[in-house]
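For the sequence shown, numbering that gives the first Met the number 0 gives the first residue as 0, with consecutive numbering after it.
Backbone N, C-alpha and C define an ideal beta-carbon position, used for all residues, glycine too.
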Amino acid sequence: MRVRIPLLVAAVLVVLLSLPISACAPGGGGGGGGLTVTATEFKFEPANLTVKRGQEVVVTIQNKGTVVHDWVVPDLNVKSPKIQPGQSATVRFTPQRSGTFKIDCTEPGHAAAGMVGQLTVQD
């Protein structure tokens, strides 16, 4: 019985100590791996992304909705093709300037219905 208590305490400590490490892991950032955005009616998930200036960004957009969508960052001249329901598309770009840029779906009425987001490019 006495051997089990230290083992249980050790297991709990491992779990607790791993929480802050995973909380600090990068999420939604560019550089390194790719990003995945899900498109549905009428939103992007995640809607807001943060990337680094000068680093290649790879975004895969998965259309899990029932109508055609696209993913566009007009001020950076980034535009996915039209994505049919159940399909996906990947865009690659390297932002050369910092700032916050609008993301939207350019299908008629979609942005007005809330299918928008922001791309933050940091130095």
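Q: Please classify Gly64: is it buried, with 16 or more other beta-carbons within 10 angstroms of its beta-carbon, or exposed?
A: Residue 64 sits at position 65 when you count from the first residue of the sequence shown. When all chains shown are included, Gly64 counts as buried.
Q: Return the residue from the list Arg96, Val72 and Phe43 that minimises the CA-CA distance to Lys51.
A: Position 52 of the sequence shown, counted from the first residue, corresponds to residue 51. The option with the nearest alpha carbon to Lys51 is Arg96.
Q: Measure the alpha-carbon distance for Trp70 versus Gly98 and round it to whole angstroms.
A: Sequence index remark: in the sequence shown, residue 70 carries index 71 (1-based). Sequence index remark: in the sequence shown, residue 98 carries index 99 (1-based). So the two alpha carbons sit approximately 18 Å from each other.
Q) Taking the continuous beta strand (DSSP E) assigned at Val36, which residues delimit it? A) For the purposes of this step, residue 36 is taken as the residue at position 37 of the sequence shown. Note, Val36: beta strand (DSSP E), Leu34 to Thr39.
**Q.** Span separating the alpha-carbon of Thr37 from that of Ile82
**A.** Sequence index remark: in the sequence shown, residue 37 carries index 38 (1-based). Sequence index remark: in the sequence shown, residue 82 carries index 83 (1-based). The straight-line gap from Cα to Cα measures roughly 11 Å.
Q: Give the C-beta separation of Phe41 and Ile102 to the nearest angstrom, bearing in mind that I take them to be a contact with Cβ-Cβ under 8 Å.
A: Stepping through the sequence shown from its first residue, residue 41 is reached at position 42. Stepping through the sequence shown from its first residue, residue 102 is reached at position 103. Contact flag wrong, Cβ pair sits at about 13 Å.
Q) Are Thr105 and Val56 touching if we call contact CB-CB under 8 Å? A) Residue numbering aside, residue 105 sits at position 106 when the sequence shown is read from its first letter. Residue numbering aside, residue 56 sits at position 57 when the sequence shown is read from its first letter. No, these two residues do not count as a Cβ contact at 8 Å.
Q) Would you report the Cα separation of Ala46 and Val72, rounded to the nearest angstrom? A) What you label residue 46 is simply residue 47 of the sequence shown in a count that begins at 1. What you label residue 72 is simply residue 73 of the sequence shown in a count that begins at 1. Near 12 Å, if we compare the C-alpha coordinates of Val72 and Ala46.
Q) CB Gly85 to CB Val58, shorter than 8 Å? A) Here residue 85 refers to the residue found at position 86 of the sequence shown. Here residue 58 refers to the residue found at position 59 of the sequence shown. No, the pair does not count as a contact, with Cβ atoms beyond the cut-off.
Q. Using a Cβ-Cβ distance under 8 Å, would Lys101 count as near chain B?
A. Although the question refers to chain B, the structure presented lacks it and comprises just one protein chain.
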